[in-house]
Structures are given as C-alpha cells and as structure tokens.
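Visitor: Before anything else, here's the structure in question.
2 protein chains.
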Amino acid sequence: MNNKEQIFLRSALTLEGAVMSSANVMPWFWSRQDAHRFRLEKIPFSELSKWGFDADTGNLCHESGRFFSIEGIRVKTNWGSVPEWDQPIINQPEIGFLGFITKKIDGVLHFLVQAKMEPGNINMIQLAPTLQATRSNFTRVHQGKSPPYLEYFIDRSNSKVLFDSLQSEQGARFLRKRNRNIIIEVEHDIPVYEDYCWMTLGQVLQTMRHDNIVNMDARTVISCISYGGSDGIQVTQGGLGASLLRSLDPLNRSEYSNEAIISWFTEQKFKYDLGIERIPLRIVHGWERTDMCVRHESGKFFSVIACAVEADNREVSSWTQPLVKAHQQGLIAFVAKEFKGILHFLVQAKVEPGNFDVAEMAPTVQCLTGSYEEAAPEDRPPFIDYVLNAKLEQVCFDTLQSEEGGRFYREENRNLFILAGEDFPEEVPENYIWMTAAQLKEFIKYNNFVNVQARCLLSSLSFI
Amino acid sequence: MNNKEQIFLRSALTLEGAVMSSANVMPWFWSRQDAHRFRLEKIPFSELSKWGFDADTGNLCHESGRFFSIEGIRVKTNWGSVPEWDQPIINQPEIGFLGFITKKIDGVLHFLVQAKMEPGNINMIQLAPTLQATRSNFTRVHQGKSPPYLEYFIDRSNSKVLFDSLQSEQGARFLRKRNRNIIIEVEHDIPVYEDYCWMTLGQVLQTMRHDNIVNMDARTVISCISYGGSDGIQVTQGGLGASLLRSLDPLNRSEYSNEAIISWFTEQKFKYDLGIERIPLRIVHGWERTDMCVRHESGKFFSVIACAVEADNREVSSWTQPLVKAHQQGLIAFVAKEFKGILHFLVQAKVEPGNFDVAEMAPTVQCLTGSYEEAAPEDRPPFIDYVLNAKLEQVCFDTLQSEEGGRFYREENRNLFILAGEDFPEEVPENYIWMTAAQLKEFIKYNNFVNVQARCLLSSLSFI
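So the protein lines, in turn, are chains W and X. To convert a position in the first sequence, counted from 1, into the numbering used here, add 10. To convert a position in the second sequence, counted from 1, into the numbering used here, add 10.
Shown next as structure tokens:
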C-alpha cells in the first residue's frame with residue numbers, strides 16, 4: 011500500500027476527531043436546507059427562457075449552443091431482446107469538473123464538502139464535491155458568478171493532485187458524456203464558505219447510508235479512490251469492512267487475472283454491435299411532444315420536461331431549464347461472494363446506447379423496475395430473483411440514491427449489496443465475470459471500463 | 011516477471027535453433043513473392059464492381075453495406091493551427107481479428123507467420139499475422155473461402171489466450187476503427203499451409219530492420235506483448251537491447267507514476283475539443299471527385315482511388331476495391347533518453363479526427379513530410395529539427411514501414427528511433443511527457459491510450 015492509499019484509508023476509518031463531530035453532520039445538512047429558499051415549478055416548454063426547440067431539427071437547445079441539448083438517436087444492436095429503437099438523449103459534449111479539495115487536518119485527510127442545490131434533487135440540497143462545473147459554467151456563459159474554488163482546480167501549482175481521470179455517466183441517458191473526476195490536496199489554509207464544510211471520508215461514507223443525501227457527483231469521485239490493502243492500519247471491525255479491505259488489496263489472489271478480464275471484455279465488445287445514429291429529435295419514432303413534455307407513447311421509460319427554478323445561493327438566482335424525469339425506479343445491485351477468502355463482485359458487461367465504448371462493466375443487476383415486473387419469466391434480467399429474494403442477513407447495503415439533479419428530476423435508484431449464499435449458481439452467463447474490489451479499482455483508474463452505477467455502488471460501501 | 015513474459019522474451023532473443031534457420035527467412039519471403047501471381051491495376055470508379063457512390067450521400071460503399079465505406083467528416087477542434095476542416099474518412103465499424111497462433115517448439119515460442127498479399131502492399135506480399143479477418147471476411151460476405159486458421163480463434167477451448175485486446179488504427183484516416191489484437195498458444199500439432207511458417211519472435215523483429223517486409227497488422231499485434239524485466243534470462247548484449255530491457259521492467263523507477271501520466275492525459279483531453287460531424291462525402295468541402303479519384307483541391311494529403319486486383323492465393327481470386335493513396339511520406343520518430351539509468355520515451359498527446367477518445371499517446375514526432383518542408387519555422391512540429399539533425403550514432407532504428415495494404419496504396423512511413431544527446435532540452439511542451447517502455451506497455455494493455463504509430467514503432471525495437 012502506498013502512502014496516498016494509506017491516507018485515504020485512514021480518512022475512511024475516521025469518524026471521531028474530525029473537524030465536525032459526526033453527530034453534527036446530519037444537523038448541519040438539514041440546516042443548509044433551512045438556510046435557503048428554493049422554488050421549482052414545472053412549466054410548459056413555451057415558457058422556457060433562452061431554451062427552445064430548434065426550428066429545423068426539433069432538438070431542445072440553449073440559445074448559446076452551450077450547456078446541453080436534448081437530441082435523438084437511432085440505436086441498432088444485437089445485444090438484448092430489442093434490436094432497434096429511437097430515443098431522446100442528452101448531448102453534453104463538454105467535459106466538466108467534479109472535484110474535491112482535501113487537506114490534512116490533525117493528521118487526517120478532510121474533504122471540503124458542499125451542500126449544493128440542484129433543481130431536480132430530492133431534498134433540493136444534497137452533499138456534493140467542492141466543485142461541480144461544466145465548462146459553460148466556469149466560462150460563465152450564463153453570465154453569473156464564477157463557481158467558488160474553481161481557481162484551485164485551474165491552477166494546481168500550490169496543490170497535489172491525488173487523482174484525476176475522465177469517468178463516464180449514464181449510458182442510457184447521456185451520449186458519451188464524461189466528467190473529469192479529480193481530488194486535489196492543499197497544505198495551506200483556504201477559506202471555508204457558507205454551505206461548505208470539512209468532513210472525513212468516513213463521515214461522507216456514513217452519510218451514504220441515508221437515502222438521497224450524497225449526490226451522484228460526490229459518489230463517482232469517491233469511487234476513484236484506491237485504498238490498497240490494510241497493512242499498516244489496524245481494522246478492528248470484522249464482517250464486511252475487513253472482508254472488503256482484503257478484496258481491495260491488489261496483492262490478494264483474484265479468480266481471474268486483469269489480462270483475462272480484458273480478454274473477456276474484448277470478446278464482449280467484439281460480439282456485440284452498437285450502431286448509434288444521431289437523428290433530429292423531431293423524427294424520433296415512438297415519442298411524442300406535448301406542451302408539457304416529450305414522452306414515449308407507452309408512457310414508459312422517461313420524459314423530458316421543463317421547469318422554472320429560483321434559488322438564492324447559485325451563480326444565477328433564477329432560470330428555466332429542461333429536466334429528464336424517469337417514470338420507473340431503477341434497481342442497482344452487486345452480488346458478491348468469497349473465493350478462497352477474498353470477496354469477489356459479479357460484474358456484468360452491459361451495452362447501453364450512450365456508452366463511450368459499446369459495453370461497460372456494470373453491477374450484477376441494473377434495470378428499471380418495469381423491466382422485470384412486466385416481463386415474461388424468460389425475459390427477466392439474470393439474478394433479479396436472487397436479489398429480490400435475498401434474506402435480510404445477506405443484505406449489506408440497501409438505500410435509495412439519487413441521479414444528478416442538474417439533469418434528472420427526482421430520479422432515485424435502489425442500491426443493493428448482497429452477499430451470495432451457498433445456493434448461488436456456480437455457472438454465470440458469458441457476459442458476467444467475478445472480480446475483486448481491487449480489480450474494479452484498477453479498471454476505474456484506466457477509465458471507460460466501469461460504468462457510473464457500478465462505481466457509485468462500490469463507492470458507497472463503508473469499512474466501518 | 012511472470013512466466014508468460016519470460017516465454018515471450020526468450021522467443022524474442024532466439025535467432026538460432028528456430029524451426030527455420032534465420033538465414034532462410036528472407037529467401038523464404040522472396041520465394042513466396044515468386045510463387046504467386048498478382049496483378050493490380052488502377053481503374054476509373056465506373057469500373058468498380060459491387061462498389062459505387064451512393065446516389066444520395068455520395069459515399070463510396072459496397073453493395074452489401076459491409077466491408078468499409080468512404081464517407082465525410084467535418085472536424086472542429088481547438089488543437090493545432092487549423093480549427094475546422096472537412097475530409098473523407100474510412101468508416102469500418104466492424105471489429106476484425108488480427109491474430110497470431112503460437113506454439114512452443116523445442117522449448118521456444120514460435121509464431122505462425124503468414125506471407126500475405128494485400129493489393130496496396132509495397133512488395134505485394136508482406137509478413138502478416140496468422141489471421142487477418144474482418145467480420146465481413148469471415149462471415150463470407152464476399153462468398154469466398156473461409157480464411158485459414160479462423161476456427162482456432164473462434165473456438166479457443168483447445169488453446170491458451172496470451173493476450174486479447176482492442177487496439178486503434180490510424181486516427182487521421184479511419185473513423186474510430188479498432189481491431190482485436192490476439193495471440194493464442196496451442197499445444198497440439200496444427201497444419202502449416204502454404205504461405206505460412208513458424209518463426210521465433212526474434213526472427214520477426216530481425217525482419218523489421220528491412221523496409222516494408224513486416225506489415226502493420228503484425229507490428230501492432232507484437233506491440234501488445236509485455237516482456238517484464240530481464241530476470242531469469244541472461245542478456246549478454248550491452249547497448250540498446252539491455253537498456254530497452256531495463257526500461258521494459260515495471261519494477262524500475264519511472265520519472266512519472268502511471269497515475270501522474272493519467273492526470274496529464276486527462277488534462278490534455280479536457281483542454282482539447284474534438285467535434286466530429288459525419289457528413290455525406292458529396293458535400294466534403296475542399297475535395298473534388300474525378301473519374302479516377304477523390305482528391306483535395308491542393309493536391310495534398312491523400313486521395314481515394316479504385317483498383318482491380320487479381321490474386322491466386324486469396325479467398326476470392328479477383329475483385330475491385332477502393333484504396334487510399336497518400337501524397338506524402340510520413341515521419342514517425344521516438345526520441346528516448348535515460349533518466350537515472352532507465353530509458354524513457356518522449357510521448358506526445360496527439361489529437362486526430364478519427365481517434366476513439368480525442369487524444370492518443372503518439373511518438374515524439376508524427377507528421378507528413380509536407381507539414382515541415384513547407385511550414386513557416388514557427389509552425390514546424392516540435393522536435394522535428396532535432397530528429398532530422400540527429401547524428402548517426404544517435405540513430406538506433408531507421409526504416410520504412412508500410413501501412414495496411416488492404417486499405418492504403420503503397421503507403422510507407424519513415425520510422426526512426428533516436429537517442430537524445432546531452433543537448434536535448436530539459437523542458438518539453440505541455441502535451442509531451444517522458445515514459446518508460448514498461449509504462450507504454452501498461453497503457454497498451456488497457457487500450458485506447460497508445461496510437462498505432464507509437465505501438466508499431468515500439469514493437470520494432472529488437473533486443474539483439
């Protein structure tokens with residue numbers, strides 16, 4: 011274990027002796043809700059300001075051509091049971107920053123956490139990284155203020171980069187979107203503005219056990235942290251924490267080598283075609299546009315809506331924007347099992363239309379509730395029944411976590427972590443493979459491998 | 011060093027005691043030229059059979075919609091000095107196989123090398139991997155024979171996969187093309203057909219010192235081989251071989267950690283935009299179509315031509331197809347330098363329109379001769395003068411190597427490997443970084459990082 015990993019692990023194991031006592035974390039969070047005034051109202055598309063449907067393509071765009079747009083894609087694939095469909099998709103070609111500033115305080119690394127309002131958030135405010143900024147944001151296309159702390163990420167000459175990589179977002183909703191996930195460490199004192207506070211990693215992880223408190227952006231950044239093994243740090247707790255730490259140690263034996271996993275993944279990408287044609291939103295087949303939304307004829311999947319927002323603590327105090335509203339809750343579950351004493355995660359190679367590279371490594375189960383509730387028995391996603399019928403003692407983690415509130419309207423997914431029992435099948439379908447946590451972390455490092463659902467679920471597992 | 015790496019290294023160091031004596035390699039190669047009859051003729055587009063310009067888009071396509079097509083792209087980027095241009099590009103969405111079968115013979119790993127004809131090849135025949143097959147090839151869209159040895163790559167239950175990953179091809183010519191680079195090892199005897207023979211890796215590397223003998227496909231597959239360090243194998247030779255082996259050992263100290271390199275690369279991808287819009291070939295601005303070619307108004311860059319081919323040893327004995335003809339020779343050079351006794355390569359983050367992911371890691375210099383011969387002094391590519399003025403004692407490798415003869419008409423690039431002298435600048439531009447050979451190999455493993463020019467040049471460096 012290198013020094014950096016040890017520092018992260020120590021922070022992850024620290025609840026007491028933090029700048030803010032752990033008992034005060036949730037009260038501070040709720041105080042931020044009370045301190046601000048927010049208002050969100052669904053509006054007809056005609057009341058959008060600076061946003062509109064392009065006369066030619068029907069795409070929903072900002073007048074500057076920046077931020078994001080809602081366009082159409084035509085998908086052809088030999089993966090899954092539907093060979094061809096059209097759908098709206100969010101196109102946001104700019105890479106934004108998702109970044110934490112960290113600092114050692116009394117020997118323990120603290121993260122500068124932001125209580126951030128996003129229009130689509132459940133709870134309106136959620137805990138976020140220090141900085142969340144698209145390029146349109148920080149080049150100030152909206153002519154508002156520059157986001158706080160941006161300067162620390164632009165000029166990194168007085169800080170140390172702990173990691174810095176591009177990571178994907180939801181392939182079912184975004185067209186090849188990625189963000190720059192970065193953690194920097196400063197040594198000098200920096201101002202702590204209103205709505206920001208220092209927390210240890212352990213405190214952030216603890217908070218993820220509550221529903222919808224830590225936002226997607228914070229979870230994906232945290233997922234990029236490698237912990238190495240546990241040598242040099244005493245973990246007194248038994249159970250999942252110790253088991254997870256053994257799985258995070260790259261020196262421990264895995265069922266498959268990284269090269270064998272790359273070969274397996276190569277076979278998946280070789281086998282499955284994904285043809286994506288960008289088409290005007292106007293001609294997206296099976297979807298209709300009303301005054302209030304763009305929706306699928308069946309009422310399923312998601313719709314695009316418009317809303318007006320007022321907030322007293324954002325760079326701009328009121329604005330209108332489109333949001334994507336899911337019609338079904340999602341289910342995201344990892345099944346894990348020990349092989350020769352080392353916990354392995356059952357990873358799925360999953361094709362989604364907006365993926366950067368055909369398939370990404372996904373959790374054991376990742377689906378919409380509709381896809382199994384209404385499906386014929388033979389069409390139910392693999393392992394869904396195992397997950398839904400798990401005994402309480404097998405369930406290590408079960409919370410609702412939110413998707414990005416800047417784009418999605420109150421979207422939450424059930425996140426589950428299930429320990430497989432003796433009855434779990436030995437054989438898995440050919441697009442599944444067992445991997446240790448250390449291996450998942452290694453693939454996260456080289457980006458474009460592990461999808462956002464798998465990363466976020468992995469990041470929410472606490473050691474204590 | 012693991013066992014697999016040791017086996018590859020032993021093969022790379024073996025010239026004597028191989029199945030075919032090294033003295034017979036080149037005679038065998040020339041005997042294959044003599045054994046076959048090939049004919050290539052440039053024809054007008056109107057004489058193409060089964061290929062034609064689409065009435066609507068003007069794209070040049072096969073009637074089956076398979077193989078590849080010549081389409082247009084509109085490029086917008088803030089990288090380099092030209093912010094916007096149109097160009098034709100080869101679109102070949104199918105992933106093909108580039109694969110070697112290997113087998114231990116008398117304790118040394120041998121590669122089953124093919125003397126393969128491709129219409130655009132200089133020398134018509136070049137040494138190639140055992141199998142080179144697009145999906146259209148092996149699903150037999152052309153209704154010819156199935157390629158020899160395909161079955162070993164489809165059903166791998168009787169062989170061991172030594173590696174298997176997707177690797178990119180030229181980003182200036184192909185739209186996000188990748189191939190599956192794979193080496194398998196068999197234990198049982200297999201037939202050796204006409205035009206195939208067993209060679210050690212050392213013999214293949216030796217052959218790369220000649221111009222245009224080993225094709226691009228063989229070189230890219232070989233570039234994926236990791237050698238580890240040299241422990242357990244005695245390398246008696248001093249000089250570049252020993253120095254290269256130290257650089258290939260991942261345990262030796264590098265100037266930058268892999269994570270620091272990922273961070274540097276993230277910054278490059280963050281900074282540079284690459285907007286690619288697929289457009290019909292018909293409207294590609296600045297290019298014109300005549301009876302005989304599609305070419306740039308300036309006569310520069312490349313043109314698309316048509317040719318008729320006759321061959322007696324291919325799956326189909328005569329056919330017509332388009333080829334891309336370069337108008338300028340390219341220059342590909344790595345500058346390397348020792349840091350604390352370990353050889354480092356000066357790697358460039360280079361944006362090319364067909365790149366899968368904006369930028370790839372490229373050699374120190376990668377350009378067309380025209381781009382420096384005609385350029386104003388301030389527009390000459392970095393390090394071009396250092397490379398062109400290198401003293402003979404600094405030049406470790408200087409040959410002409412071919413691009414893929416199935417798509418390119420007699421295209422060759424000068425490949426150079428230069429040892430930096432004391433006079434080499436300490437400071438390099440911000441899109442350059444020093445990496446060891448072991449680090450380049452690690453990034454090749456996780457694909458989409460190292461471009462085909464860097465990989466092929468790296469693969470041609472022999473230890474002996």
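Positions of the beta carbon are idealized from the N, C-alpha and C atoms, including for glycine.
My assumption, with CB atoms under 8 Å, is that Asn-323 of chain X sits in contact with Met-127 of chain X. Please give the rounded CB distance.
Guide: 6 Å
Visitor: Taking contact to mean at least 3 C-beta pairs separated by less than 8 Å, is the region 52-62 of chain W in contact with the region 326-341 of chain W?
Guide: yes
Visitor: Gly-117 of chain W: which of W:Gly-296, W:Leu-471, W:Ala-359, W:Glu-195 sits nearest, CA to CA?
Guide: Checked all of W:Gly-296, W:Leu-471, W:Ala-359, W:Glu-195; the closest Cα to Gly-117 of chain W is W:Glu-195.
Visitor: Might you give, ordered along the chain, the residues of its own chain that have their beta carbon closer than 8 Å to the beta carbon of Gly-90 of chain X, omitting 5 neighbours on each side?
Guide: Sequence-distant Cβ neighbours of Gly-90 of chain X in its own chain, meaning closer than 8 Å and more than five residues away, are Val-361.
Visitor: Are three or more beta carbon pairs between the region 454-465 of chain W and the region 351-370 of chain W nearer than 8 Å?
Guide: yes
Visitor: Determine the direct distance from the alpha carbon of Glu-384 of chain W to that of Gly-212 of chain X, and round the result to whole angstroms.
Guide: 60 Å
Visitor: Could you tell me if the beta carbon of Trp-95 of chain W falls within a distance shorter than 7 Å of some heavy atom in the ligand SAH?
Guide: In the structure on display, the ligand SAH does not appear, and there are no ligands present to speak of.
Visitor: Between which two residues does the beta strand (DSSP E) carrying Ile-115 of chain X extend?
Guide: 106-115
Visitor: Could you give the DSSP three-state label for Cys-466 of chain W: helix, strand or coil?
Guide: helix
Visitor: Under 8 Å between the Cβ atoms of Ile-135 of chain W and Ala-143 of chain W?
Guide: no
Visitor: At which residue ranges does the region 272-342 of chain W contain complete beta strand (DSSP E) runs of 3 or more residues, listed in the order of the chain?
Guide: 284-289, 297-299, 303-306, 312-321, 328-336
Visitor: To which residues of the same chain is Asn-147 of chain W closer than 8 Å at the C-beta, ignoring the five residues directly before and after it?
Guide: Gly-106, Pro-157, Glu-325.
Visitor: In whole angstroms, give me the CA-to-CA distance for Glu-388 of chain X and Glu-287 of chain X.
Guide: Between Glu-388 of chain X and Glu-287 of chain X, the alpha-carbon positions lie close to 30 Å from each other.
Visitor: Can you give me the start and stop residues for the alpha helix (DSSP H) that Thr-217 of chain W sits inside?
Guide: Judged by DSSP secondary structure, Thr-217 of chain W falls within the alpha helix (DSSP H) whose first and last residues are 211-217.
Visitor: Counting only beta-carbon atoms, is Arg-190 of chain W nearer than 8 Å to chain X?
Guide: yes
Visitor: Note down, in chain order, every chain W residue with its Cβ under 8 Å from the Cβ of Pro-103 of chain X.
Guide: Asp-283, Gly-285, listed in chain order.
Visitor: Counting beta carbon pairs with one atom in the region 340-349 of chain X and one in the region 160-180 of chain X, are three or more of them shorter than 8 Å?
Guide: no
Visitor: Taking the DSSP output, what are the residues bridged to Leu-371 of chain X?
Guide: Reading off the sequence, residue 371 of chain X comes out as Met, not Leu. Per DSSP, X:Ala-359, X:Val-460.
Visitor: Counting only C-beta atoms, is Ser-175 of chain X closer than 8 Å to chain W at any point?
Guide: yes
Visitor: Does the distance from the C-beta atom of Cys-317 of chain W to that of Lys-52 of chain W stay below 8 Å?
Guide: yes
Visitor: I want to see whether chain W comes within less than 8 Å of Tyr-456 of chain X, judged by CB atoms only; does it?
Guide: Yes, Tyr-456 of chain X lies at the interface with chain W (some Cβ there is under 8 Å from its Cβ).
Visitor: How would you list, in chain order, the residues of chain X whose beta-carbon sits under 8 Å from the beta-carbon of Phe-184 of chain W?
Guide: Per Cβ cutoff of 8 Å: no residues; Phe-184 of chain W is ~16 Å from chain X at best.
Visitor: If I measure Cβ to Cβ from Phe-78 of chain W and keep anything under 6 Å in the same chain, skipping five residues before and after, which residues do I get?
Guide: Ile-100, Gln-102
Visitor: Would you say Phe-121 of chain W and Met-30 of chain W are within 8 Å of each other, going by their C-beta atoms?
Guide: no
Visitor: Taking the CB atoms as reference points, tell me whether His-46 of chain X and Ala-321 of chain X lie closer together than 8 Å.
Guide: Yes, the pair counts as a contact, with Cβ atoms nearer than the cut-off.
Visitor: Indicate whether at least one CB of chain X lies closer than 8 Å to the CB of Thr-276 of chain W.
Guide: yes
Visitor: Answer yes or no: does any C-beta atom of chain W fall closer than 8 Å to that of Val-171 of chain X?
Guide: yes
Visitor: Assuming Met-226 of chain X contacts Ser-412 of chain X (C-beta within less than 8 Å), just tell me the rounded distance between them.
Guide: 6 Å
Visitor: Using the Cα positions of Gln-43 of chain W and Glu-204 of chain W, report the straight-line distance between them to the nearest angstrom.
Guide: 12 Å
Visitor: Under a CB-based cut-off of 8 Å, is Phe-39 of chain X close to chain W?
Guide: no
Visitor: Once DSSP output is grouped into helix, strand and coil, what is the label at Arg-69 of chain W?
Guide: Position check: residue 69 of chain W holds Asn in this sequence, whereas Arg was assumed. Residue state, collapsed to three classes: coil.
Visitor: Based on the DSSP output, what are the partners of Ala-445 of chain X in its beta bridges?
Guide: Looking at the sequence itself, residue 445 of chain X is Met, so the reference to Ala does not match. Paired residues: X:Phe-355.
Visitor: Kindly indicate which three-state DSSP category Ile-223 of chain W falls into: helix, strand or coil?
Guide: coil
Visitor: Report yes or no: is there a C-beta of chain W within less than 8 Å of the C-beta of Lys-187 of chain X?
Guide: No - not a single Cβ of chain W is within 8 Å of the one on Lys-187 of chain X.
Visitor: Mind checking whether Thr-217 of chain X and Leu-137 of chain X have CB atoms under 8 Å apart?
Guide: Yes.
Visitor: Starting from Phe-393 of chain X and walking both ways along the beta strand (DSSP E), at which residues does that stretch end?
Guide: Note, Phe-393 of chain X: premise wrong, no beta strand (DSSP E); not H, not E.
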